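J.:
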Amino acid sequence: MASRIDRRIREARDIILSNQAYLEMALHGLNHMYWDEQGHFSPAEFYQRHGSDYSMLPPDIARQHIETYFQILHDNALTYPVKAFIPPCFFYVYCKENHHLSYILQEYGISYVSTPFGSMKTDGCEKPVTAGVENGII
Numbered sequence: 006m007a008s009r010i011d012r013r014i015r016e017a018r019d020i021i022l023s024n025q026a027y028l029e030m031a032l033h034g035l036n037h038m039y040w041d042e043q044g045h046f047s048p049a050e051f052y053q054r055h056g057s058d059y060s061m062l063p064p065d066i067a068r069q070h071i072e073t074y075f076q077i078l079h080d081n082a083l084t085y086p087v088k089a090f091i092p093p094c095f096f097y098v099y100c101k102e103n104h105h106l107s108y109i110l111q112e113y114g115i116s117y118v119s120t121p122f123g124s125m126k127t128d129g130c131e132k133p134v135t136a137g138v139e140n141g142i143i
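What follows is the structure, given as structure tokens:
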């Protein structure tokens with residue numbers, strides 16, 4: 006059976022595989038954007054903006070997106086650890102609660118979130134002054 010993957014994608018994958026000792030993969034998202042069941046569009050995959058606040062994607066859908074991301078990596082033999090997360094559109098909410106994204110990300114081995122600290126929102130907790138640690142993630 007012929008591969009349905011475009012030749013250029015295979016070539017890019019092969020370049021990454023042959024140079025993986027020099028690369029560090031980061032989770033950015035599956036498709037950067039999100040459409041809810043009513044067809045409403047949000048430019049950021051894991052958090053939707055509501056005025057000046059963000060609300061998280063439902064946890065089960067966030068897990069589906071992350072699982073699919075890692076499955077795509079696995080299917081292409083990109084199996085080295087992914088330790089960092091860069092939020093799409095830099096929409097991120099700092100919260101130590103277990104129903105927030107950091108709790109889900111740590112389940113997948115993510116140790117670091119890279120986002121502009123000044124624009125990071127909080128949910129019911131005091132924002133750290135210099136750096137945040139939540140659910141084992143820096």
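Under this note's numbering, the first residue of the sequence shown is numbered 6, with each subsequent residue one higher. C-beta atoms are modelled at their ideal positions from N, C-alpha and C, and glycine is treated no differently. If you're wondering where the values come from, they're calculated on a predicted model, not measured in any experiment.
When you compare each of Tyr99, Tyr108, Ser47, Leu32 to Ser124 by their alpha carbons, which one comes out closest?
T.: Locating residue 124 in the sequence shown gives position 119, counting from the first residue. Ser124 has its Cα closest to that of Tyr99, out of Tyr99, Tyr108, Ser47, Leu32.
J.: Quick one: what does DSSP say Ile10 is sitting in, helix, strand or coil?
T.: Counting from 1 along the sequence shown, the entry for residue 10 is found at position 5. Reduced to three states, the DSSP call for Ile10 is coil.
J.: Measure the C-alpha to C-alpha separation of Asp128 and Pro86 and round it to an integer number of angstroms.
T.: For the purposes of this step, residue 128 is identified with residue 123 of the sequence shown, where counting begins at 1. For the purposes of this step, residue 86 is identified with residue 81 of the sequence shown, where counting begins at 1. Going from the Cα of Asp128 to the Cα of Pro86 covers about 29 Å.
J.: Between which two residues does the alpha helix (DSSP H) harbouring Tyr108 extend?
T.: Position 103 of the sequence shown holds residue 108. Residues 106-112.
J.: So Ile14 packs on Leu83, CB below 8 Å; how close in whole Å?
T.: Looking up residue 14 in the sequence shown gives position 9. Looking up residue 83 in the sequence shown gives position 78. Contact between Ile14 and Leu83 does not hold, since their C-beta atoms are separated by about 12 Å, which reaches or exceeds 8 Å.
J.: For His55, does the three-state DSSP call read helix, strand or coil?
T.: Working through the sequence shown from its first residue, we reach residue 55 at position 50. Annotated three-state conformation of His55 is strand, per DSSP.
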